[in-house]
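Residue numbers (my numbering): 3 to 298.
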């Protein structure tokens with residue numbers, strides 16, 4: 003067993019799993035604390051490295067592509083201080099850090115390990131998860147996303163009070179923190195609804211404005227939703243095996259549920275059109291997309 007312990011966290015490798023536990027130091031970022039202990043099976047690890055610095059070094063683990071919904075949701079935008087896959091190392095601990103790196107690097111791996119994943123090997127943040135930022139309190143309970151609009155939200159959002167999205171209506175999540183002079187956002191891309199509205203008018207988008215205290219914590223909601231959506235590298239439907247005859251009734255039941263979801267989205271689109279959030283052209287495009295899905 004190899005173990006690296008510091009006030010910022012503990013990394014332990016037992017030959018099969020790398021366990022990452024956040025430390026108790028006041029400088030440990032709240033994203034790391036919220037995630038808690040993470041377990042990374044060896045098959046998910048692309049590499050581990052120690053990076054020396056002028057004052058302190060850094061342990062860093064790289065995961066294989068598609069293994070982790072948090073990494074997919076963050077898309078490289080998570081800053082170092084909030085990245086759970088990094089650990090600050092004091093100079094006197096360099097030898098211990100290098101020993102852990104070698105332990106992972108030289109552990110024998112199976113010949114059938116994937117270079118990239120077609121389904122998530124890690125579970126993502128635990129649900130329910132709720133984060134309150136300037137515009138809204140946004141949450142995911144594993145079945146739906148709820149946006150409770152607050153007083154800082156623009157009128158077009160605030161007058162709705164609440165936006166609720168079943169996860170089966172969400173086809174993607176866009177997340178980015180504040181970068182330079184550009185505000186961050188957490189946007190849920192809804193099936194059949196064009197993502198053409200600006201963030202301040204989009205009822206499916208929370209702006210991460212300057213001075214927002216919990217800005218980076220919203221990545222937890224993004225990752226929790228991402229973990230429950232189809233994997234971006236999953237085989238296309240045409241590549242999936244045909245269902246056996248015994249599953250026809252189950253498929254028909256799923257089709258009826260899909261019809262109900264489409265009809266519900268049509269009603270929601272009508273409300274957005276009446277409220278002036280969608281103009282005539284946007285409403286027509288979204289409606290036709292949903293009707294094509296229904297007829298299909």
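All C-beta atoms in this analysis are idealised placements derived from N, C-alpha and C, irrespective of residue type, glycine included.
Since this is a predicted model, take the numbers as computed values, not measurements.
Pick from the options that is closest to residue i, judged by C-alpha positions
{"i": "residue 113", "options": "3, 202, 44, 157", "result": "44"}
{"i": "residue 37", "options": "218, 285, 284", "result": "218"}
{"i": "residue 7", "options": "29, 67, 98, 18", "result": "98"}
{"i": "residue 215", "options": "186, 180, 135, 274", "result": "135"}
{"i": "residue 94", "options": "55, 83, 121", "result": "55"}
{"i": "residue 137", "options": "159, 122, 121", "result": "159"}
{"i": "residue 228", "options": "66, 108, 144", "result": "144"}
{"i": "residue 75", "options": "126, 100, 3, 237", "result": "126"}
{"i": "residue 57", "options": "70, 42, 96", "result": "96"}
{"i": "residue 14", "options": "80, 78, 100", "result": "100"}
{"i": "residue 42", "options": "70, 27, 25, 203", "result": "70"}
{"i": "residue 212", "options": "35, 185, 230", "result": "185"}
{"i": "residue 290", "options": "274, 196, 78", "result": "196"}
{"i": "residue 271", "options": "192, 155, 5, 78", "result": "192"}
{"i": "residue 273", "options": "181, 200, 161", "result": "161"}
Sub-8 Å separation of residue i and residue j beta-carbons
{"i": "residue 124", "j": "residue 86", "result": "no"}
{"i": "residue 210", "j": "residue 188", "result": "yes"}
{"i": "residue 68", "j": "residue 234", "result": "yes"}
{"i": "residue 111", "j": "residue 88", "result": "no"}
{"i": "residue 106", "j": "residue 47", "result": "yes"}
{"i": "residue 66", "j": "residue 119", "result": "yes"}
{"i": "residue 51", "j": "residue 103", "result": "yes"}
{"i": "residue 91", "j": "residue 226", "result": "no"}
{"i": "residue 236", "j": "residue 83", "result": "no"}
Supposed close pair residue i, residue j - CB separation, criterion 8 Å
{"i": "residue 284", "j": "residue 198", "result": "6 Å"}
{"i": "residue 163", "j": "residue 153", "result": "The pair is not a contact, with the Cβ atoms about 12 Å apart (cut-off 8 Å)."}
{"i": "residue 33", "j": "residue 11", "result": "The pair is not a contact, with the Cβ atoms about 13 Å apart (cut-off 8 Å)."}
{"i": "residue 148", "j": "residue 223", "result": "Residue 148 to residue 223, Cβ: 10 Å. No contact."}
{"i": "residue 174", "j": "residue 288", "result": "At roughly 16 Å, the Cβ-Cβ gap does not stay under 8 Å, so residue 174 and residue 288 are not in contact."}
{"i": "residue 208", "j": "residue 140", "result": "5 Å"}
{"i": "residue 168", "j": "residue 146", "result": "5 Å"}
{"i": "residue 64", "j": "residue 49", "result": "5 Å"}
Burial state of residue i (16 or more Cβ within 10 Å)
{"i": "residue 142", "result": "buried"}
{"i": "residue 9", "result": "exposed"}
{"i": "residue 157", "result": "exposed"}
{"i": "residue 53", "result": "exposed"}
{"i": "residue 220", "result": "buried"}
{"i": "residue 16", "result": "exposed"}
{"i": "residue 206", "result": "buried"}
{"i": "residue 179", "result": "buried"}
{"i": "residue 190", "result": "buried"}
{"i": "residue 238", "result": "exposed"}
{"i": "residue 73", "result": "buried"}
{"i": "residue 204", "result": "buried"}
{"i": "residue 24", "result": "buried"}
{"i": "residue 249", "result": "For residue 249, the predicted model reports a pLDDT of 44, less than 50, meaning its position is unreliable; a value from the coordinates is still stated below. With fewer than 16 other Cβ atoms within 10 Å, it is exposed."}
Subject >> Continuous beta strand (DSSP E) assignments of at least 3 residues falling wholly in the stretch 33–108 >> reply: 40–43, 47–53, 59–65, 88–91
Subject >> Residue ranges of each alpha helix (DSSP H) within the stretch 140–168, 4 or longer >> reply: 157–160
Original post:
What alpha helix (DSSP H) runs, 4 residues minimum, are completely inside the stretch 210–241?
Top reply: 220–228
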